[in-house]
Every structure is written in C-alpha cells, then in structure tokens.
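Here the structure is laid out as structure tokens; the discussion comes afterwards.
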C-alpha cells in the first residue's frame, strides 16, 4: 500500500523518494513466499532439531 499511497507520484528512483526500494522489497517478499526460505533457513534447522 505504501508504494501506491506515498511513492508512486514521485517516480521510480529512490533519489526522488520513489518506489524503487519498496518495489524491490515487495519482489523479494513474494519470491520468498512462493519458494520458501530453503535448506539453510532457521525453520529447517529447527525442524531437524525436533526430529
């Protein structure tokens, strides 16, 4: 929501307080939600400790 409510009018680049950084955080969050954290993640380590 911050991308659309705050940053979209300022353009893409961070130097103008744009949405470049927020968009990259969104992309990373979506990628992690889809693929998971992976083999070296904390939840995998904890799951291995409980088994």
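In our numbering, the protein residues as written are 6 to 56. Ideal Cβ placement from N, Cα and C applies to all residues, glycine included. Here the structure is a predicted model, which means the values were calculated and not measured.
Local conformation of residue i per DSSP, three classes
i          : result
residue 42 : coil
residue 26 : helix
residue 9  : helix
Beta-carbon gap between residue i and residue j smaller than 9 Å
i          : j          : result
residue 27 : residue 12 : yes
Cβ-based neighbour list, residue i, same chain, cut-off 6 Å, excluding 5 preceding and 5 following
i          : result
residue 21 : 15
residue 18 : 25
Cut-off 8 Å between Cβ atoms - residues of its own chain near residue i, not counting five sequence neighbours on either side
i          : result
residue 42 : 48 and 49
Straight-line Cα distance separating residue j from residue i
i          : j          : result
residue 36 : residue 30 : 10 Å
Own chain residues within Cβ distance below 7 Å of residue i, not counting five before or after
i          : result
residue 34 : none
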